[in-house]
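Trainee:
In the working numbering, the protein residues as written are 13 to 427.
#1: Which ranges does the alpha helix (DSSP H) cover as unbroken runs of at least 4 residues, wholly within the stretch 63 to 120, from first to last along the chain?
#2: Have a look at residue 335 and residue 272 and give me their C-alpha separation to the nearest angstrom.
#3: At what residues does the beta strand (DSSP E) containing residue 157 begin and finish?
#4: Could you give the first and the last residue of the continuous alpha helix (DSSP H) run that contains residue 365?
#5: With DSSP as the reference, please indicate the residues paired to residue 262 in a beta bridge.
#6: What span of residues does the alpha helix (DSSP H) with residue 343 cover, start to end?
#7: Once the 5 residues before and after residue 70 are set aside, which same chain residues still bring their CB inside 8 Å of it?
#8: Taking the beta strand (DSSP E) that residue 201 belongs to, which residues open and close that run?
#9: How many whole angstroms separate the CB atoms of residue 205 and residue 162, which I take to be in contact at a CB cut-off of 8 Å?
#10: Using 10 angstroms around the beta-carbon of residue 382, count the other beta-carbons present and answer buried if the total reaches 16, otherwise exposed.
#11: Would you list the one or two residues that DSSP bridges to residue 352?
#12: What do you reckon, are the CB atoms on residue 279 and residue 176 nearer than 8 Å?
#13: Please list the terminal residues of the continuous beta strand (DSSP E) segment that includes residue 297.
#14: For the stretch 151 to 162 against the stretch 122 to 134, do three or more pairs of beta-carbon atoms, one drawn from each stretch, fall closer than 8 Å, so that the two count as touching?
#15: Suppose you measure from the CA of residue 409 to the CA of residue 264; what does that come to, to the nearest Å?
#16: Pick helix, strand or coil for residue 58, following the three-state DSSP scheme.
#17: Hey, residue 276 and residue 159: beta-carbon distance below 8 Å or not?
#18: Assign residue 131 to one of three DSSP states: helix, strand, or coil.
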């Protein structure tokens with residue numbers, strides 16, 4: 013792009029006006045025939061990438077950091093200069109391998125199992141899944157529900173970028189899962205971005221030629237002329253570029269799980285609400301916070317009756333745009349806390365822009381890091397809320413016993 017623009021600008025001062033107009037027309041004709049985006053794809057390598065970490069020659073070390081097997085270096089995005097699209101495809105291919113790697117960690121390290129969605133899925137329809145700890149449905153005391161943000165991340169991940177460029181602890185939900193299990197929680201890991209099955213589009217038949225104005229030229233002469241022009245155009249493009257065509261796909265939505273909001277509502281109705289836990293805790297990052305607020309809009313009384321506390325990290329919710337009721341806003345003030353990206357030290361109280369829930373600093377200005385940096389303080393928040401609830405319940409029980417005892421004493425005196 014810059015080459016052609018520079019060439020054109022230099023030409024302005026180099027030619028007299030009459031020649032400039034002529035050259036300007038020629039240049040315009042030339043530029044109009046070049047697809048500059050396609051030109052940049054010239055000599056692009058095939059989109060064929062390794063299928064495993066080993067084939068990529070990368071591995072996670074003892075600290076959970078992704079490193080090159082031979083050099084020990086970090087992942088390099090620009091493996092080939094001036095081939096951004098190819099580099100991006102390579103990065104996405106690695107990301108898919110990372111997703112499967114995290115699934116393996118959930119199953120082997122955390123001893124979690126998949127639950128297929130929809131629960132009544134037929135053999136020929138697309139499905140999704142969530143992960144459950146062994147006691148997720150049966151734990152009588154505590155349940156932790158984890159909801160990630162939007163994008164390419166799948167179950168068990170907060171941010172793919174962190175997994176690849178930093179480490180597994182900061183980019184995955186595994187530290188939260190293991191800590192929760194150590195503290196006696198059952199755990200559910202949601203999968204709100206697995207919304208559809210992507211399949212290759214069937215080959216389309218060539219469209220019929222569109223109707224054109226009648227021409228006085230004989231049909232045979234017109235066909236020869238069209239063939240000649242078409243051949244010229246093909247030769248011209250072949251001269252300037254040789255791009256790869258990407259496979260065209262279509263998306264088949266997963267029933268009742270076609271969006272993050274639908275997914276969270278479905279999991280609440282079929283799993284969370286049926287769990288035995290007396291105390292339910294929810295942690296939601298970014299768009300996951302919006303999905304939680306939408307759940308409250310749909311199941312307000314159920315959430316209020318079952319959920320003890322909600323930890324949000326840089327939540328994307330908006331109580332005005334989501335038309336959240338005043339009663340929900342009041343409940344969120346008492347039971348939610350949002351750790352937001354900020355230059356302030358961790359847990360510094362901040363003024364919320366909307367009257368929904370308290371906001372404190374996550375201790376980082378990086379959106380994707382807010383969950384990991386807030387890790388310890390979130391579990392402390394949950395513990396304090398549960399302790400306060402148990403103290404309140406104990407006091408109510410004590411008052412009830414005292415009242416009952418006083419009533420029996422009075423009856424005894426009367427007798």
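Cβ coordinates follow ideal geometry from the N, Cα and C atoms, glycine included.
Mentor: Here's the rundown:
#1: 65 to 68 and 96 to 120
#2: 18 Å
#3: 154 to 159
#4: Note, residue 365: premise wrong, no alpha helix (DSSP H); not H, not E.
#5: 211
#6: 338 to 347
#7: 78, 79, 80, 81, 87 and 106
#8: 197 to 201
#9: 6 Å
#10: buried
#11: 373
#12: no
#13: 291 to 297
#14: no
#15: 53 Å
#16: coil
#17: yes
#18: coil
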